[in-house]
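A.B. asks:
There are 2 protein chains.
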Amino acid sequence: MAEAQRLDGRACAAALDAKTAERASALTASGVQPHLAVVIVGDDPASHVYVRSKVKACERLGLKSTHVERPASISQEDLEAIVDELNADASVHGILVQSPLPPHLDEGAITDRIHPAKDVDGFHPVNLGRLVQGRTDGLLPCTPSGVMEMLRWANVPLEGKRAVVLGRSRIVGMPMALLLAARGADATVTVVHSRSEDVAERCREADVIVAAVGRPDMVQAEWVKPGAAVVDVGINRVDDDTRERGWRLAGDVHPDVASVARWLSPVPGGVGPMTIATLMANTVRAAEGLN
Amino acid sequence: MAEAQRLDGRACAAALDAKTAERASALTASGVQPHLAVVIVGDDPASHVYVRSKVKACERLGLKSTHVERPASISQEDLEAIVDELNADASVHGILVQSPLPPHLDEGAITDRIHPAKDVDGFHPVNLGRLVQGRTDGLLPCTPSGVMEMLRWANVPLEGKRAVVLGRSRIVGMPMALLLAARGADATVTVVHSRSEDVAERCREADVIVAAVGRPDMVQAEWVKPGAAVVDVGINRVDDDTRERGWRLAGDVHPDVASVARWLSPVPGGVGPMTIATLMANTVRAAEGLN
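Structure (structure tokens):
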């Protein structure tokens, strides 16, 4: 059987990055360099890796970045004061507070506090609510927006087609479903989650599957309709004795799906790069004052 | 074949109203009478009928209401000033601007201007966005919230079941899908719309159908799985020469569906009364300061 076409997130992100860099350069020439402020609390190594890659992406594309680091012991009040200051700073266009925060902090309250026009993560209720209203011209959540960009880039047909979103998180699943169902995308979207019956059957009915559940290799080859497009949002660490470091990254989709699907996004190198590329595009968008 | 059980919106609304009146009375006794301000622009007769029924519901349940009427010629600025004044008035707990507005006015800007804590219609992006975040404890859009109340009242099983929402409007379809998919309801939800392929087949797969498209008698008996629950949100005027007034009200669901479905909401007397009952409950909720 033919192997699925790889939905190459690195190539797609490079195409988006080229446009973002161009827009950033035009803005900078007009005297306004797009500027992302990244706030990180505590010393979670994975979070620091993510933040470093975001800061590097800014450098690469000509955006200014400010990196605010605070110890895990910071109070809610002090963290909110940082957000308030960045909200008030006209030279800052995008604000991102790296998740997860230490358990004593109220992450929802921080998300709600970032000014919606600077919310380049797209997690503020106002930005999510616009999605419910069918307005897709604002600051969209980076991962679902990156998935849409990848599907368009690969010319995956969506209009009238059946799409299944696996997972109903506020960050991926729910906004993903809204974007796929919105005018212009026009898919018939089903949200499948931990309480759903007959998950495998629901998947088999789909022309497009977006898996965002955080369960390694969950989507099996038998779950996929031949010719479907499968997008793997999962990034799971699984034990692997054959690797020197003792683990490998696995998506939510079993690698065997490549023999059934027509399109498949790899992990790593699929959705991951698109998330950062969308964050950069959102920051430039915020600097352009479109939101 | 047995006839479907009638999802009696009047009886369900009466049960909700009884609770709302009790809460309103407790608040009034403590010195805070729940207070709804209804703004109506122009002289559309249907809108005036709706507004009168809302004002009457307030009287019946012990809520205070203020009825603001303005001519169709009002400017955006003046209408916004009314909203600002009601936002600032601590004695007003709920604000509703009756839709539709005359075409020269920007309805979206008015919706966005109402303070989210007074947005008893549940249309503000912040309130819709909370739904995307899975938070269903805020001010929910009246019609979808009323449908959920009716399904719970009739003990229609939802967990893990397949629900199809026909229509993707910001007021009904999209929030309806989010509520059905949310934790606690836990249905597997599919949004079907004008660009969907095989609409009849999608409906036939569903254990629960919520029709909100505004096309009279669209959902046929052959579209419905025997034993399904069918909720009809449509209120359409269709010509009828046998009636003295020359028209009758028709839902989006054909009456023959009653011979196939296990539950069916009538039009009128189904979702309509639930929408107003939910508006009243939202106003009391806003007065209780829960939002």
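As they're listed, the protein sequences go chains A and B. Just so we're aligned, residue 668 is where the first sequence starts under my numbering, counting upward by one. Just so we're aligned, residue 668 is where the second sequence starts under my numbering, counting upward by one. Ideal Cβ placement from N, Cα and C applies to all residues, glycine included. Values in this document were obtained by computation on a predicted structure and should not be read as measured data.
Give every residue of the same chain whose Cβ lies closer than 6 Å to the Cβ of A/T687, excluding the five residues on either side of it in the sequence, and list them in chain order.
C.D. replies: Closer than 6 Å at the Cβ level, and outside the excluded window around A/T687, lie L728, M947, A948 and V951.
A.B. asks: Closer than 8 Å by beta-carbon distance: list the chain B residues that pair up with A/R869, in chain order.
C.D. replies: Correct list: T855.
A.B. asks: Could you have a look at A/N903 and say whether DSSP puts it in helix, strand or coil?
C.D. replies: In the structure shown, A/N903 sits in a strand (DSSP, three-state: E or B).
A.B. asks: Let me make sure I understand the geometry here. Which of A/R850, A/V735 and A/G937 has the alpha-carbon closest to that of A/R919?
C.D. replies: A quick correction: the sequence has Asp, not Arg, at residue 919 of chain A. Answer by Cα proximity: A/G937.
A.B. asks: Can you find a C-beta in chain A that's less than 8 Å from the C-beta of B/S863?
C.D. replies: Interface residue, yes.
A.B. asks: Counting Cβ pairs, one atom from each stretch, are 3 or more of them under 8 Å apart for the stretch 849–857 of chain B and the stretch 858–865 of chain A?
C.D. replies: Yes, the stretch 849–857 of chain B is in contact with the stretch 858–865 of chain A.
A.B. asks: Report back the beta-carbon spacing between A/L703 and A/L763 to the nearest angstrom; my notes put them in contact at under 8 Å.
C.D. replies: Indeed, because the Cβ distance is near 7 Å, the residues count as touching under 8 Å.
A.B. asks: If we count Cβ pairs, one from each stretch, closer than 8 Å, do we get three or more for the stretch 786–795 of chain B versus the stretch 762–776 of chain B?
C.D. replies: The answer is yes - the stretch 762–776 of chain B touches the stretch 786–795 of chain B, with three or more Cβ pairs under 8 Å.
A.B. asks: Can you tell me the Cα-Cα spacing of B/E670 and B/P893, whole angstroms?
C.D. replies: Between B/E670 and B/P893, the C-alpha separation is close to 11 Å.
A.B. asks: Return helix, strand or coil for B/D786, following the three-state DSSP convention.
C.D. replies: Three-state DSSP puts B/D786 in a strand.
A.B. asks: How would you call A/R835, buried or exposed, if buried means at least 16 neighbouring beta carbons within 10 angstroms?
C.D. replies: By the neighbour-count rule (16 or more Cβ atoms within 10 Å), A/R835 is buried.
A.B. asks: Using a threshold of 8 Å, state whether the C-beta atoms of B/D779 and B/P770 are closer than that.
C.D. replies: Not closer than 8 Å, so no.
A.B. asks: What residues of chain B sit near A/R737, judged by a beta carbon separation below 7 Å?
C.D. replies: Within 7 Å Cβ-Cβ: nothing; A/R737 doesn't reach chain B, min ~25 Å.
A.B. asks: So what does A/K731 bridge to, in DSSP terms?
C.D. replies: DSSP lists A/H702 as partners of A/K731.
A.B. asks: When DSSP labels each residue in this structure, what does B/R837 get in the three-state scheme?
C.D. replies: Correct three-state label for B/R837: coil.
A.B. asks: What number of angstroms, rounded off, separates the C-alpha of A/V699 from the C-alpha of A/A954?
C.D. replies: Roughly 8 Å between the two C-alpha positions.
A.B. asks: How far does the alpha helix (DSSP H) with A/W820 in it reach, from first residue to last?
C.D. replies: Counting along the chain, the alpha helix (DSSP H) containing A/W820 begins and ends at C809 to W820.
A.B. asks: Looking at B/A612: is its Cβ nearer than 8 Å to the Cβ of B/L833?
C.D. replies: The requested residue 612 of chain B is not part of the displayed model; chain B covers only 668 to 958.
A.B. asks: Can you give the beta carbon distance from A/M657 to A/C679, rounded, assuming they're within the 8 Å contact cut?
C.D. replies: Chain A is shown only over 668 to 958; residue 657 of chain A falls outside these bounds and no answer can be derived.
A.B. asks: Using 8 Å as the limit for Cβ to Cβ distance, is A/A848 near chain B?
C.D. replies: So, interface residue.
A.B. asks: Given this structure, state the Cα-to-Cα distance separating B/M817 from A/V722, to the nearest angstrom.
C.D. replies: Cα-Cα distance, rounded: 50 Å.
A.B. asks: Could you name the residues of the same chain whose beta carbon sits closer than 6 Å to that of A/R690, not counting the 5 residues immediately before and after it, in chain order?
C.D. replies: Excluding positions up to five away in sequence, the list reads V951.
A.B. asks: If I measure Cβ to Cβ from A/V866 and keep anything under 7 Å in the same chain, skipping five residues before and after, which residues do I get?
C.D. replies: Excluding positions up to five away in sequence, the list reads V859.
A.B. asks: Tell me the DSSP secondary structure of B/V718 in three-state form.
C.D. replies: Helix, per DSSP.
A.B. asks: Look at the Cβ atom of B/G801, then the Cβ atom of A/R837, and state whether they are nearer than 8 Å.
C.D. replies: Taking 8 Å as the Cβ cut-off, B/G801 and A/R837 qualify as a contacting pair.
A.B. asks: Which chain A residues are close to B/N794, counting only those with a beta carbon under 9 Å from its beta carbon?
C.D. replies: Within 9 Å Cβ-Cβ: P792 and G796.
A.B. asks: Please work out which residues of its chain come closer than 8 Å, Cβ to Cβ, to B/S720, disregarding the five sequence neighbours upstream and downstream, and give them in chain order.
C.D. replies: Excluding residues within five positions, the ones whose Cβ falls inside 8 Å are I943.
A.B. asks: I'd like to check one pair, A/N822 with A/H782: are the Cβ atoms closer than 8 Å?
C.D. replies: No, they are not a contact pair.
A.B. asks: Between the alpha carbons of A/L931 and A/A888, how many angstroms are there, rounded?
C.D. replies: When rounded, the distance between both Cα atoms is 12 Å.
A.B. asks: Would you give the residue range spanned by the alpha helix (DSSP H) that B/L798 belongs to?
C.D. replies: Element bounds for B/L798: P792 to V799.
A.B. asks: In chain B, which residues lie with their C-beta within 9 Å of the C-beta of A/G901?
C.D. replies: By Cβ distance, chain B contributes nothing, its closest Cβ being about 19 Å from A/G901, past 9 Å.
A.B. asks: Grouping DSSP H, G and I as helix and E and B as strand, with all else coil, what is B/R871?
C.D. replies: Here B/R871 sits in helix by DSSP.
A.B. asks: So the candidates are A/S812, A/G827 and A/E872; which of them puts its Cα closest to the Cα of A/E846?
C.D. replies: Position check: residue 846 of chain A holds Leu in this sequence, whereas Glu was assumed. Among A/S812, A/G827 and A/E872, the Cα nearest to that of A/L846 belongs to A/S812.
A.B. asks: Closest Cβ-Cβ distance between A/E955 and chain B: below 8 Å?
C.D. replies: Output row for A/E955: interface = no.
A.B. asks: Would a C-beta distance cut-off of 8 Å place A/R737 and A/V708 closer than the cut-off?
C.D. replies: Going by C-beta atoms, A/R737 is nearer than 8 Å to A/V708.
A.B. asks: For A/T857, which beta-bridge partners are listed by DSSP?
C.D. replies: Bridge partners of A/T857: A/V831 and B/T857.
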